[in-house]
Amino acid sequence: MSLLFFLLYTLVLACVGLMLSPIAAKRVPGFKVGSRLRDLPFVGSLLYVARHFHRYHDMVLDVSKEFGEEVPCWSSGMMANPPYIYINSDPAILEHVLRTQFWKYEKGDFFKQKMQVFLGNGIFNSDGSQWQKQRKVASHMFTARSLRDDMSAIFHKNGCTVLDRLAHHASNGSVFDIQDLYFRFTLDSFVEIAFGESSGCLSDGAPMPFADAFDTVQRLVAERFFFGPVWLIKHALQIGSEREISRGVKVMKDYGHQVIQRIRRERREDPEGHRDKPDLLSRFISYAEEHGEEEVTENELMDVVLNFIIAGRDTTACLLSWATYELAQHPDLQERLYEEVKGFSTERESSQLVRQLPLLHAFLMETLRLHPSVPQDTKMCVEDDVWPTGHVVPKGTMVIYSPYLFGRSERLWGPNAGKFDISRWFNPDGTPIKEPSQYVFPAFNAGFRLCLGKAVAIMESTMMLAMAIQKYKFTCLDRDVTYVMTVTMPIKNGLRVRVEHRQTSPSPSPSPSPSPSPAHVQQSQSAIPINAM
Ligand code: HEM
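Yeah, the sequence shown ends on 540 if you go by the numbering used here, and it's all consecutive.
Rendered as structure tokens:
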């Protein structure tokens, strides 16, 4: 009897100790908690999330549906994590966090500590003046002029190499992974634009240890967010996934080091010629020189290389891959897009191209709505706050918003939100709708940290897809296509497709194409079932 009492007593003490321990799951008072999350004492939602990790974004969607659209936010806790709140597709709260009270919401140490290993203090992993300076320097690269003068030519040249590869696959009828091709296209294009030299991975088709390392590190680092401090122990012991991360980071940094050495050497050999070079590293080096700052260190330049490669490669490659998937799912739409693009010269400056291809633009936006390249983002509240809904958000709360959730919200997109339907991007009279607010459609983020490369990404994807659709039809061979749970949203195991030459592929017009007449626009859009939001 006394032994049983002792055991029970010890058990109760252990439970109380666990509840009070600093790593026990904490919740924010005053917020609803989803029963689906099986929010348990001490571990919180950890077990549920672990079980659904492979379908994480759909799990969030399910929880959100349980509340219904009228609940603007919900909360939960997870062992060893800060208490968290999800914004349930409420644009007013998102605007509050990303713009009105921007300075109260940072990336925060919880995020930064986990990403430090490969993002360092780069633009994606910094706050305050460190972030502001990088944004300012980099923004000079994304002007309309450089888009027109420097970037579109590179996209076109590399787009032609992609077409060569498609021609090869079309001729022998082979099945291939087009996602891999897109990742090579965006990597090569961005490295050439940002660092002045092609990586060569598109033309030679050889294995890419650097890019593979990038993928592995991103995938494994995403796990650090969910399973408590286990990663710290694994990291200290250099075992399992943490060992793989360290190996991958070394490969990435060796590559970054080569890029930095080359740019430094070129600057030494030709200081005058290099002063006005448009490449990104030169801009950071010149900025420090012009502002009398200390010389930019190797680590700072490494952060620029790795952060911008993620920005420029993964996001756009994900968009192109999901767009090709949707093309293959909708053969009728593929034909309508062909009718729109067949007469256009993609060699031309492409901001015009984007305006002249409203159907293709709507197609890309609809793809991003359902398959956002950055499906989820977090902010750490660093000062107590009150939301427009009256919810009190204490300092130390993690605020999570999900473009995946926003894109599939019936409140924001109507009862057919889950359906791929480009007609929602047009008015009943066939004219394109006004672009939705960033806070309704946050695929490119919103507010002060809006994506710097939005126009570049749209131009690059429009050019690549217009070039491909002009010549080829796509069929997808994969069933049950889904995403990998990582920082961005690539297709799991790639996208296996077959391409077929179009019989009547006309050559692009040699001279600049005239703007489509209103009649043309009307005609190309009249086939769209008009069912705008
Ligand atoms: C479809 C393509 C793209 C999508 C969906 C996208 C989306 C996003 C999102 C959601 C963020 C916010 C990330 C965060 O703060 O955690 C972001 C930031 C950023 N993006 Fe993009 N992006 C795309 C393409 C690009 C490209 C091609 C570039 C560069 C050429 C680029 C450059 C940047 C930069 C520099 C930031 C950091 C902005 C800041 O923190 O101030 N993006 N992007």
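C-beta atoms are modelled at their ideal positions from N, C-alpha and C, and glycine is treated no differently.
| query | result |
| --- | --- |
| By a C-beta neighbour count over all protein chains shown, 10 Å radius and 16 as the cutoff for buried, is P278 buried or exposed? | exposed |
| Rounded to whole angstroms, what's the CA-CA distance from L209 to G437? Just pull it up for me. | 39 Å |
| Please report the distance separating the alpha-carbon of G75 from that of N423. | 16 Å |
| Taking D116 as the reference, give the member of M405, S468, L44 with the closest Cα. | M405 |
| Can at least three beta-carbon pairs, one atom from the stretch 211-228 and one from the stretch 114-131, be found at a separation below 8 Å? | yes |
| Return the first residue and the last residue of the alpha helix (DSSP H) that S328 is part of. | 322-336 |
| Grouping DSSP H, G and I as helix and E and B as strand, with all else coil, what is D134? | coil |
| For C325, verify whether its CB is less than 8 Å away from any heavy atom of ligand 1. | yes |
| If you draw a straight line from the C-alpha of L44 to the C-alpha of I161, how long is it? | 47 Å |
| Around the Cβ of D134, are there at least 16 other Cβ atoms within 10 angstroms (buried) or fewer (exposed)? | buried |
| Report the CB separation of P98 from Y446 in whole angstroms; it is logged as a contact under 8 Å. | 4 Å |
| Tell me the residue span of the beta strand (DSSP E) that contains K386. | 384-388 |
| Please report the distance separating the alpha-carbon of L68 from that of I240. | 32 Å |
| Taking only three categories from DSSP, how would you classify T150? | coil |
| Using a Cβ-Cβ cut-off of 6 Å (strictly less than) and excluding sequence neighbours within five positions of V393, which residues of its own chain qualify? | V399 |
| My output table needs one value for S196: the three-state DSSP class, helix, strand or coil. | helix |
| Should P36 go down as buried or exposed, given a rule of 16 or more other Cβ atoms within 10 Å for buried? | exposed |
| Would you mind reading off the limits of the alpha helix (DSSP H) that contains E301? | Segment: none, E301 is in no alpha helix (DSSP H) and carries neither H nor E. |
| Taking the alpha carbon of T482 as the reference point, which residue from E273, V144, Y112, F183 has its own alpha carbon closest? | F183 |
| Around the Cβ of S136, are there at least 16 other Cβ atoms within 10 angstroms (buried) or fewer (exposed)? | exposed |
| Is E347 close to ligand 1? I mean its beta-carbon at under 8 Å from any heavy atom of the ligand. | no |
| Can you tell me the Cα-Cα spacing of S444 and R250, whole angstroms? | 43 Å |
| For the pair the stretch 339-350 and the stretch 362-381, tell me if three or more CB-CB distances fall below 8 Å. | yes |
| Helix, strand or coil for K478 per DSSP? | helix |
| From this set, A295, E342, A229, which residue's C-alpha is nearest K140's C-alpha? | A295 |
| Ligand 1 and A464: does the residue's C-beta get closer than 8 Å to at least one heavy atom of that ligand? | yes |
| Let me confirm a value: F455 is counted as buried when at least 16 other C-beta atoms fall within 10 Å, else exposed. Which label applies? | exposed |
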